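Take 5 as the starting number for the sequence shown in this note's numbering and just add one per residue. Backbone N, C-alpha and C define an ideal beta-carbon position, used for all residues, glycine too. Computed from a predicted model, the values in this text were never measured in an experiment. Okay, structure first, notes after.
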Amino acid sequence: MKKIKYITAIILFLPLIVFGNLDTTNFERHGSSIELKPYFVIQKLSLKLGGTSNFVTYEPGITGSAGLNLAYKFIDISLARSVVSQKMGSLNLESKYYDIRINSYQRRIGFDINFQWFIGFSIADFPENLPDTLKQFVQPNLDLVNYGINFLYSLNKKMSLKSIYKYRERQVKSAGSIIIGLYQNYTELSYSSTIFPDEITTEYNVVNSENRGDFYSIIPTVGYQYNFVRKNLHFSPFVSVGIGGQYQDYTSDSKGNFKGFKRASRVNFNLPLGYNGNKTYYGVIARYDQTVAKIQKTSSMDYSLVSLKFFIGIRFK
Numbered sequence: 005m006k007k008i009k010y011i012t013a014i015i016l017f018l019p020l021i022v023f024g025n026l027d028t029t030n031f032e033r034h035g036s037s038i039e040l041k042p043y044f045v046i047q048k049l050s051l052k053l054g055g056t057s058n059f060v061t062y063e064p065g066i067t068g069s070a071g072l073n074l075a076y077k078f079i080d081i082s083l084a085r086s087v088v089s090q091k092m093g094s095l096n097l098e099s100k101y102y103d104i105r106i107n108s109y110q111r112r113i114g115f116d117i118n119f120q121w122f123i124g125f126s127i128a129d130f131p132e133n134l135p136d137t138l139k140q141f142v143q144p145n146l147d148l149v150n151y152g153i154n155f156l157y158s159l160n161k162k163m164s165l166k167s168i169y170k171y172r173e174r175q176v177k178s179a180g181s182i183i184i185g186l187y188q189n190y191t192e193l194s195y196s197s198t199i200f201p202d203e204i205t206t207e208y209n210v211v212n213s214e215n216r217g218d219f220y221s222i223i224p225t226v227g228y229q230y231n232f233v234r235k236n237l238h239f240s241p242f243v244s245v246g247i248g249g250q251y252q253d254y255t256s257d258s259k260g261n262f263k264g265f266k267r268a269s270r271v272n273f274n275l276p277l278g279y280n281g282n283k284t285y286y287g288v289i290a291r292y293d294q295t296v297a298k299i300q301k302t303s304s305m306d307y308s309l310v311s312l313k314f315f316i317g318i319r320f321k
């Protein structure tokens, strides 16, 4: 698996150097090499494990995270952690959240390396037919580690991804483009004394402690984005869909270990809106991501994230 990750990373990053800025028309570049961007994100994550007769939804509730982005030339690094955590679900407990990102966007090509860590999921709703005698064993100790690489390539040289997401230049005229991409994601679930659907555990068995599941997804995507430009303002709606595969390796207390490949699909909506000034810039990005994968024959894992990001950037010459 490590060799596959290294080879994929090389394939993704080489085009950034070759094709990043071939076109120099219809854009105004900013000369700053260092930028600071504080930001605040409100988000809600939902992880739903479902079967034919029941499902369990794990949610950390609504979390608010504060972070700082440092940009040097063409590389951005950002760090964030939760500062607000809503008590959520039947167990009414809080979760912690950490986020680390490294990304780069050129005019037509961009990539995003992300790492998220949610600690202490709560259960939104118990299954309807879960016996009361088992509810006392349910613990909110499902931890989720998630990291991946997203790659985007714009087919239209008149639209700039860099002006939409990084504000390193200003697009002069409105333009849109078909965008192809590759979504890679690795998710690790750690859990104990937790209820899983009956397709994974029989008759609501309480799984033993120190269990975990690993899920590695590769999903090609295709979408469309249009960058509406009015002087220094822009509004750039984006939608993409994709179908790929997911390698799964997880422990089932009653049915043993499972290793194999299953189908996975992805839907993404982005609504960036911002002001791109000479010395400062600011904006907001509304986002929805959903990845659905099959588990066993009749069950599924539905991972969805809704977020709203506010930011302001300062340029240094």
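- If you draw a 10 Å sphere on the C-beta of Glu39, you find 16 or more other C-beta atoms in it, and that means buried.
- Spatial neighbours of Arg234 in its own chain (CB-CB distance under 7 Å, excluding positions within 5 residues in sequence) are not present.
- A buried status is given to Lys170, since no fewer than 16 other beta-carbon atoms sit within 10 Å of its beta-carbon.
- With a threshold of 16 other beta carbon atoms within 10 Å, Leu159 falls short and is exposed.
- Leaving aside the five residues that flank Phe232 on each side, the residues in its chain whose CB is nearer than 8 Å to its CB run, in chain order, Ser178, His238, Phe239, Ser240.
- Gly68 has its alpha-carbon roughly 11 Å from the corresponding atom of Phe314.
- Taken through DSSP and simplified to helix, strand or coil, Ser86 comes out as strand.
- Using a Cβ distance threshold of 8 Å, Arg174 and Asn280 count as a contacting pair.
- With respect to the 8 Å criterion, Arg270 and Gly246 are classified as neighbours on the basis of their beta carbons.
- In the structure shown, Tyr169 adopts helical secondary structure according to DSSP, grouped into three states.
- For a cut-off of 8 Å, the C-beta gap from Leu193 to Leu165 is around 32 Å, too long to register as a contact.
- The criterion of a C-beta distance shorter than 8 Å is satisfied by Phe78 and Gln110.
- Nearest C-alpha to Ile46 among Leu309, Val176, Ser181, Tyr190: Leu309.
- Proximity to Ser108 across Pro224, Asn189, Ile168 peaks at Ile168, based on C-alpha coordinates.
- Rounded to the nearest whole angstrom, the C-alpha separation of Ser37 and Arg172 is 9 Å.
- A straight line joining the alpha-carbon of Ile81 with that of Arg105 spans about 6 Å.
- With a cutoff of 8 Å on beta-carbon distance, Pro224 and Leu186 are scored as near each other.
- As DSSP reads the structure, Pro241 sits in no beta bridge.
- Check the Cα spacing between Gln252 and each of Phe115, Phe262, Ser244: the tightest is with Phe262.
- Where Lys313 is concerned, the enclosing beta strand (DSSP E) starts and stops at 303 to 320.
- Counting every other CB atom within 10 Å of its CB across the protein chains shown gives Asn150 a total of 16 or more, marking it as buried.
- Take Lys48, set aside five residues on each side of it, and the residues of its chain with a beta-carbon closer than 6 Å to its own are Ile66, Val310, in chain order.
- CA-CA distance, Tyr220 to Tyr190, rounds to 4 Å.
- The criterion of a C-beta distance shorter than 8 Å is not satisfied by Gln188 and Gly227.
- Burial of Thr295 is indicated by the presence of at least 16 other C-beta atoms within 10 angstroms of its C-beta.
- Under the DSSP assignment, Gln294 falls in the beta strand (DSSP E) whose first and last residues are 284 to 299.
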